[in-house]
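Position one of the sequence shown corresponds to residue 21 (my numbering), numbered consecutively onward. Heads up, the thing below is written out as C-alpha cells.
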Amino acid sequence: MSKNSDSGSKSWEISANGANLLMRQIPLDQLKAFYISRGFSLDQIEPYTSSCVFMTVLRNDTVSSGLHFKRKNLTVSQGGKSHPLVSVEDWLERLSKVTDKNSALIAFRWAQFPIDQVFEPGGDWNQGMISVGLPPESQFDAEVKWDTEGKTATIKLQGVECVK
C-alpha cells in the first residue's frame, strides 16, 4: 500500500504471474467533480460515488500469449465471503432512470474498466473505474483471474480499503 501525499488517496499494487494490478482510491470530491462535469447532477451520481469506486489498472508485463481478462472475473471478498461487483450494465440502467442526457451516460460508460479485453504481450494495459459496491471505509481483498493459452492465472490484492 502506498499513499499519495497530496490527495491522501491510497493505492494497492501487485505484480505476479506476468501481470500487474493496481487499484487506487479516488477521493470523493474528485469523483463527484468528474461526473458533474460530464452532465450528471450531484443527486444523480451520488449512488455511484458512494459505492466504493477505484481507478483500476491491469497490465500484461510478460504473458507471451496475451492475457484475456473478463470484468466478471474480478471479485472482491470480505472475511473470505465473496461480494459481487455492481456491473456496468446495472449502473447504466440505474443512471438512465435519473437522466436522459445521452452524453453523460456515454461518458460514464467510457470511464469504466473494460468488460472484456485481451492484453497483448509487452506491456499492453488499460485503466478505468470499478464500483466495488461496498460502503465507505469497507476493507476487502480483490482477486483477478484471466485466461492465457486455456489456463487460468490469478493475481490478488489483500487489505484494500474503500475511501473514507
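Using N, Cα and C, we set each Cβ at its ideal position, and we do this for glycine too.
Residue range of the unbroken beta strand (DSSP E) whose run includes Ile150: Counting along the chain, the beta strand (DSSP E) containing Ile150 begins and ends at 145 to 151.
field: Check whether Arg79 and Phe133 have beta carbons under 8 Å apart
entry: Contact flag unset, no.
- prompt: Can the beta-carbon of Gly148 be found closer than 8 Å to that of Leu105?
  reply: Contact: no.
field: Local conformation of Glu109 per DSSP, three classes
entry: Secondary structure of Glu109 (DSSP, three-state): helix.
message: I'd like to know if Gln98 contacts chain B, where contact means its C-beta is closer than 8 Å to some C-beta of that chain.
response: Within the model displayed, chain B is absent; a lone protein chain is all it includes.
message: Rounded to whole angstroms, what is the Cα-Cα separation between Ser29 and His103?
response: In this structure, the alpha-carbon of Ser29 lies about 23 Å from that of His103.
- prompt: How is Ile65 classed by DSSP in three states: helix, strand or coil?
  reply: It is helical.
query: Between which two residues does the beta strand (DSSP E) harbouring Gln50 extend?
result: Annotation for Gln50: no beta strand (DSSP E) segment contains it, though the alpha helix (DSSP H) segment containing it runs 48 to 56.
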